[in-house]
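To start, the structure itself, in structure tokens.
Residue numbers (this note's numbering), protein chains in the order written: chain A, 1 to 114; chain B, 1001 to 1112.
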């Protein structure tokens, strides 16, 4: 039973480029959360999605960031026109139900903006 | 607002017991979590407390006092592989889902 999959594991982008981060939840999970971990800081909630719906995006910057979780395929976190401050580890977690406390994390994508 | 505090770093020796404290102030409360995170890896779930008291799971125990906004994670019979960051996270109430608010984590170094 595969866990939460994220790819790529490492991503390098130049300032101004776009970054696309993918997350495939655990089998049977239809709820996805994205978190960002800046160097020397804690994990910060960004967005919570169910299939085809964004439920809560209160932690996501209003500009340049977007997320989706289509009916088919992985969840995508998209960052347009990346800046150095976007360099961080981005973690995805999934859970089987809305109020489930079982939240399983993927290995993360480490984004470096040069 | 949400505020979660834990010590930045702790050291201990193999075989010893260590207690990592966490205090929190959140708007509502729907449970407290402890996660372990090795460098460069995903956080892994250790424990979940929603009622006051002690939850024991093998070498790890977690305690919660809701009235004091306080929790601790107790690690017994420390092993070298326990060197990791330990993350305290709270789910604020009223969201209807488990949005986790994390502290900055406590880096634990276990020495021989």
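No residue lacks a Cβ here, since even glycine has one placed at the ideal position from N, Cα and C.
- Using a Cβ-Cβ cut-off of 9 Å, residue 91 of chain A is close to 1042 and 1043 of chain B, given in chain order.
- C-alpha of residue 113 of chain A to C-alpha of residue 86 of chain A: approximately 7 Å in a straight line.
- Closest option to residue 1023 of chain B, judged by alpha-carbon separation, among B/1071, B/1016 and B/1087: B/1071.
- Looking at the DSSP output, residue 1020 of chain B sits in a beta bridge with B/1073.
- With distances taken between CA atoms, residue 1021 of chain B lies nearest to B/1009 out of B/1029, B/1031 and B/1009.
- Under the three-state reduction of DSSP, residue 1059 of chain B is assigned to coil, being neither helix nor strand.
- Taking 7 Å as the cut-off, the Cβ atoms of residue 89 of chain A and residue 37 of chain A count as close.
- Listed along chain B, the residues sitting closer than 7 Å to residue 41 of chain A by beta-carbon distance are 1104.
- Within the DSSP secondary-structure output, residue 1011 of chain B pairs in a beta bridge with B/1109.
- Contact check for residue 28 of chain A against residue 96 of chain A passes: the beta carbons are separated by less than 7 Å.
- Apart from sequence neighbours up to five positions away, the residues of its chain that approach residue 1026 of chain B with a beta-carbon distance below 6 Å are 1002, 1090 and 1092, ordered along the chain.
- Look at residue 69 of chain A: its C-beta is not under 7 Å from any C-beta on chain B.
- Residue 1085 of chain B sits away from residue 1053 of chain B, with the two beta carbons spaced by 7 Å or more.
- Residue burial is scored here from C-beta neighbours: residue 1103 of chain B has at least 16 other C-beta atoms within 10 angstroms and is therefore classed as buried.
- In the three-state DSSP reduction, residue 26 of chain A falls in the coil class, being neither helix nor strand.
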